[in-house]
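If you're matching them up, the sequences are chains C and V in order.
Heads up: the first sequence begins at 1 in this note's numbering, then just goes up one per residue.
Heads up: the second sequence begins at 227 in this note's numbering, then just goes up one per residue.
Positions of the beta carbon are idealized from the N, C-alpha and C atoms, including for glycine.
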Amino acid sequence: MLVVSGLRLPDNKFGNLSPESFLESQVRDSILNLQPDYRYMKIGYYVSMHAEVLGNSVIPTCQDILDVYKTPILLLRAGKRGMRVTPHIVSDNVKDIEFEVSLPMVIFPLNPFSNGGYKVVHSEGSLYRAVRSFGMNGKYPVCAEYLLGSLESTKFLFGSVENPLLQEMAAEVYAEFRLPVFQLLAQIVEGQPYLCNVLPMHPEELTASDMEILSKRVEDAEIQFG
Amino acid sequence: MVDIACFVETYNFLEREEANALDRFKSVATELNHSFEFISKRNLPQIPLYDALFIRATTDPSYTAYVASKIAWENKLTVLDDPHSIRICSNKIHMYKLLEKSGVPYIPSLYLAKDCLTEKRINEIFQQLGRPVVLKAPYTSFSKFVEKTESNWGFRRICKRFFRRSDVVVAQKFMPTQFDWRLGILDDEVLYACKYFIPKGRWKHGTRIRGRDRIVWGRTKTIPRTETPSRLQEVGVSACKAIGAGLFGVDLKEVNGDFLVVEVNDNPSIYAGEEDRKDHDIYRRIIQYLVQT
Numbered sequence: 001m002l003v004v005s006g007l008r009l010p011d012n013k014f015g016n017l018s019p020e021s022f023l024e025s026q027v028r029d030s031i032l033n034l035q036p037d038y039r040y041m042k043i044g045y046y047v048s049m050h051a052e053v054l055g056n057s058v059i060p061t062c063q064d065i066l067d068v069y070k071t072p073i074l075l076l077r078a079g080k081r082g083m084r085v086t087p088h089i090v091s092d093n094v095k096d097i098e099f100e101v102s103l104p105m106v107i108f109p110l111n112p113f114s115n116g117g118y119k120v121v122h123s124e125g126s127l128y129r130a131v132r133s134f135g136m137n138g139k140y141p142v143c144a145e146y147l148l149g150s151l152e153s154t155k156f157l158f159g160s161v162e163n164p165l166l167q168e169m170a171a172e173v174y175a176e177f178r179l180p181v182f183q184l185l186a187q188i189v190e191g192q193p194y195l196c197n198v199l200p201m202h203p204e205e206l207t208a209s210d211m212e213i214l215s216k217r218v219e220d221a222e223i224q225f226g
Numbered sequence: 227m228v229d230i231a232c233f234v235e236t237y238n239f240l241e242r243e244e245a246n247a248l249d250r251f252k253s254v255a256t257e258l259n260h261s262f263e264f265i266s267k268r269n270l271p272q273i274p275l276y277d278a279l280f281i282r283a284t285t286d287p288s289y290t291a292y293v294a295s296k297i298a299w300e301n302k303l304t305v306l307d308d309p310h311s312i313r314i315c316s317n318k319i320h321m322y323k324l325l326e327k328s329g330v331p332y333i334p335s336l337y338l339a340k341d342c343l344t345e346k347r348i349n350e351i352f353q354q355l356g357r358p359v360v361l362k363a364p365y366t367s368f369s370k371f372v373e374k375t376e377s378n379w380g381f382r383r384i385c386k387r388f389f390r391r392s393d394v395v396v397a398q399k400f401m402p403t404q405f406d407w408r409l410g411i412l413d414d415e416v417l418y419a420c421k422y423f424i425p426k427g428r429w430k431h432g433t434r435i436r437g438r439d440r441i442v443w444g445r446t447k448t449i450p451r452t453e454t455p456s457r458l459q460e461v462g463v464s465a466c467k468a469i470g471a472g473l474f475g476v477d478l479k480e481v482n483g484d485f486l487v488v489e490v491n492d493n494p495s496i497y498a499g500e501e502d503r504k505d506h507d508i509y510r511r512i513i514q515y516l517v518q519t
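Pasting the structure below:
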């Protein structure tokens, strides 16, 4: 297994290649693509793409990267797996949204220029503004989720999270999508976690202890390639 | 009877020829006893209620059309364009790498990552591809985000603009021709063939007028598919096979008697009176594909 990463892992017994060097290479090996940000057309995405074109097994795949960052697809696939997901609707119309989902809500953008933001809305006025701004004046729809409980955001490292309440759900998310690093957003409703969304992580958010966890988890990743 | 949903955006109805083509799809489906309804981004939750989805809006993994395609795919509908084809054709780097892997002849291309934009690398690219070079953002469509430069300064300036959305860009050999071939290919069979002419004094089919937000298009000449060179068809079909199954528009250049792939596009434009001028059965064949698969 070869680790392709822009992160400096403190202890890595596997070879580590920078994303740029990997893109120039013709390496034939199982590839663990370890990046804080896998968004479409960012370097993390291109690493998985190049690995797939070379015929290598890769974690994560391009398909999973695209699906995980598109909120309705994330929720659709998670729901099919039997995970708890929040009730939601995809639309560009405030009336349709209000008909399907009651206030308060969390609004996620689906426009191509968004960078993982979201808005919690408590009134029709703020819902209208969120739909207009995230939808870029009606050009794109938004994903509106019913806010049923408290929102929890946590660092997700190979299916591990700090909040024990979210641990089981995090393991399920990793089993389904196999993205090693991101911010997991969930709602806690009557003590039960509901999957809300997945957001890219900024490299500066990764602490020294996070890097140590990543180093340890890299070894487990080899087993996943079989 | 099969219930077909056709995903469109408002801009699909702005040009009369495109709106007419959509009407023809609907009337052909109705003649064949299938229902054909237009749906938009407002109707995404209803997609699982249909049997097939036909996407006519611009596809890209960042756009709503991809969400529509993926919802249909996850719910086991027949879908044109499927998420796999969108994923590959919408990113030219992915597309060229697959053409390379399959041995399909295509325009000589190099890739440049954001962190490798150095004077040394720029010189290497000019040395390998000659001057000028064509720079292409991976998300290009309708001739947008494709620019030509012969200076290092211009190279750097264009790349910096393209790097705002993509961390890698494509540099290609400049190969001027009077026209590009366009083959419409469905399920590895040629549906229609056109020549997309380059406007006089320009170098690409769609060119923005300096200082204005308007694009001038070269004329389109349609050729009956049976009258196109067999080598052209062979290269076009092999390019599609490298990508996947579905409906594609393959652009090719004729250079020294052979053919080089410029691009493989999913969701190729179909305008009434242009692509369908010689081969009138394209609507029927696309509807039949949606119904049978």
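Contact check, residue i vs residue j under 8 angstroms by CB: the rounded distance?
{"i": "arginine 511 of chain V", "j": "leucine 417 of chain V", "result": "6 angstroms"}
{"i": "proline 141 of chain C", "j": "valine 120 of chain C", "result": "Not confirmed; about 18 angstroms, so no contact."}
{"i": "alanine 278 of chain V", "j": "valine 517 of chain V", "result": "7 angstroms"}
{"i": "lysine 370 of chain V", "j": "aspartate 414 of chain V", "result": "Not quite, the Cβ-Cβ distance comes to about 29 angstroms (not below 8 angstroms), so this is no contact."}
{"i": "glycine 470 of chain V", "j": "isoleucine 314 of chain V", "result": "7 angstroms"}
{"i": "leucine 412 of chain V", "j": "cysteine 385 of chain V", "result": "With a Cβ gap of about 36 angstroms, leucine 412 of chain V and cysteine 385 of chain V do not count as contacting."}
{"i": "threonine 285 of chain V", "j": "serine 316 of chain V", "result": "6 angstroms"}
{"i": "glutamate 263 of chain V", "j": "cysteine 232 of chain V", "result": "7 angstroms"}
{"i": "leucine 179 of chain C", "j": "aspartate 64 of chain C", "result": "6 angstroms"}
Looking at the strands, I want to know which residues DSSP matches up with residue i.
{"i": "glycine 138 of chain C", "result": "Partner(s): none; glycine 138 of chain C has no beta bridge."}
{"i": "serine 91 of chain C", "result": "C:Val142"}
{"i": "glutamine 187 of chain C", "result": "C:Leu151 and C:Tyr194"}
{"i": "leucine 157 of chain C", "result": "C:Ser160 and C:Val181"}
{"i": "glutamate 489 of chain V", "result": "V:Asp477"}
{"i": "glycine 15 of chain C", "result": "C:Leu2"}
{"i": "arginine 434 of chain V", "result": "V:Ile441"}
{"i": "valine 120 of chain C", "result": "C:Val106"}
{"i": "tyrosine 289 of chain V", "result": "Answer by DSSP bridge pairing: none, since tyrosine 289 of chain V is not bridged."}
{"i": "tyrosine 535 of chain V", "result": "What the structure shows of chain V is the stretch from 227 to 519, and residue 535 of chain V is not part of that stretch, so it cannot be assessed."}
{"i": "glutamate 373 of chain V", "result": "V:Leu361"}
{"i": "isoleucine 223 of chain C", "result": "Isoleucine 223 of chain C pairs with nothing; no bridge assigned."}
According to DSSP, simplified to helix, strand and coil, what is residue i?
{"i": "tryptophan 429 of chain V", "result": "coil"}
{"i": "leucine 9 of chain C", "result": "coil"}
{"i": "lysine 467 of chain V", "result": "helix"}
{"i": "asparagine 482 of chain V", "result": "coil"}
{"i": "phenylalanine 233 of chain V", "result": "strand"}
{"i": "glutamate 415 of chain V", "result": "strand"}
{"i": "isoleucine 512 of chain V", "result": "helix"}
{"i": "proline 109 of chain C", "result": "strand"}
{"i": "asparagine 259 of chain V", "result": "coil"}
{"i": "arginine 381 of chain V", "result": "Here residue 381 of chain V is phenylalanine; the residue named in the question, arginine, does not match the sequence. In the structure shown, phenylalanine 381 of chain V sits in a helix (DSSP, three-state: H, G or I)."}
{"i": "alanine 408 of chain V", "result": "Looking at the sequence provided, one finds arginine at residue 408 of chain V rather than alanine. Correct three-state label for arginine 408 of chain V: strand."}
{"i": "lysine 362 of chain V", "result": "strand"}
{"i": "isoleucine 496 of chain V", "result": "coil"}
{"i": "leucine 127 of chain C", "result": "helix"}
{"i": "glutamine 398 of chain V", "result": "strand"}
{"i": "valine 85 of chain C", "result": "strand"}
{"i": "leucine 199 of chain C", "result": "strand"}
Measuring straight from C-alpha to C-alpha, what distance separates residue i and residue j?
{"i": "glycine 462 of chain V", "j": "valine 487 of chain V", "result": "7 angstroms"}
{"i": "serine 328 of chain V", "j": "leucine 165 of chain C", "result": "48 angstroms"}
{"i": "isoleucine 213 of chain C", "j": "glutamate 219 of chain C", "result": "11 angstroms"}
{"i": "lysine 346 of chain V", "j": "aspartate 502 of chain V", "result": "48 angstroms"}
{"i": "serine 215 of chain C", "j": "phenylalanine 134 of chain C", "result": "37 angstroms"}
{"i": "phenylalanine 423 of chain V", "j": "glutamate 376 of chain V", "result": "24 angstroms"}
{"i": "glutamate 52 of chain C", "j": "isoleucine 265 of chain V", "result": "34 angstroms"}
{"i": "leucine 409 of chain V", "j": "leucine 355 of chain V", "result": "26 angstroms"}
{"i": "serine 261 of chain V", "j": "valine 228 of chain V", "result": "6 angstroms"}
{"i": "phenylalanine 225 of chain C", "j": "arginine 81 of chain C", "result": "21 angstroms"}
{"i": "glutamate 20 of chain C", "j": "isoleucine 59 of chain C", "result": "17 angstroms"}
{"i": "tryptophan 387 of chain V", "j": "valine 293 of chain V", "result": "Residue 387 of chain V is actually arginine in this sequence, not tryptophan. One C-alpha to the other measures close to 27 angstroms."}
{"i": "leucine 110 of chain C", "j": "proline 455 of chain V", "result": "44 angstroms"}
{"i": "proline 425 of chain V", "j": "serine 392 of chain V", "result": "29 angstroms"}
{"i": "tyrosine 509 of chain V", "j": "glutamate 204 of chain C", "result": "53 angstroms"}
{"i": "threonine 448 of chain V", "j": "histidine 431 of chain V", "result": "15 angstroms"}
{"i": "histidine 310 of chain V", "j": "aspartate 67 of chain C", "result": "12 angstroms"}
{"i": "glutamate 453 of chain V", "j": "proline 331 of chain V", "result": "22 angstroms"}
{"i": "aspartate 484 of chain V", "j": "glutamine 404 of chain V", "result": "15 angstroms"}
{"i": "glycine 138 of chain C", "j": "serine 367 of chain V", "result": "22 angstroms"}
{"i": "glutamate 172 of chain C", "j": "proline 402 of chain V", "result": "53 angstroms"}
{"i": "leucine 54 of chain C", "j": "valine 27 of chain C", "result": "8 angstroms"}
{"i": "phenylalanine 239 of chain V", "j": "valine 198 of chain C", "result": "35 angstroms"}
{"i": "tyrosine 497 of chain V", "j": "isoleucine 43 of chain C", "result": "37 angstroms"}
Along the chain, which unbroken stretches of the alpha helix (DSSP H) at least 4 residues long are found entirely within the region 292-357 of chain V?
Unbroken alpha helix (DSSP H) runs of no fewer than 4 residues, entirely contained in the region 292-357 of chain V, are found at 309-315, 318-328 and 345-355, following chain order.
Which whole runs of the beta strand (DSSP E) in the region 30-82 of chain C are 3 residues long or more, in chain order?
31-34, all fully within the region 30-82 of chain C.
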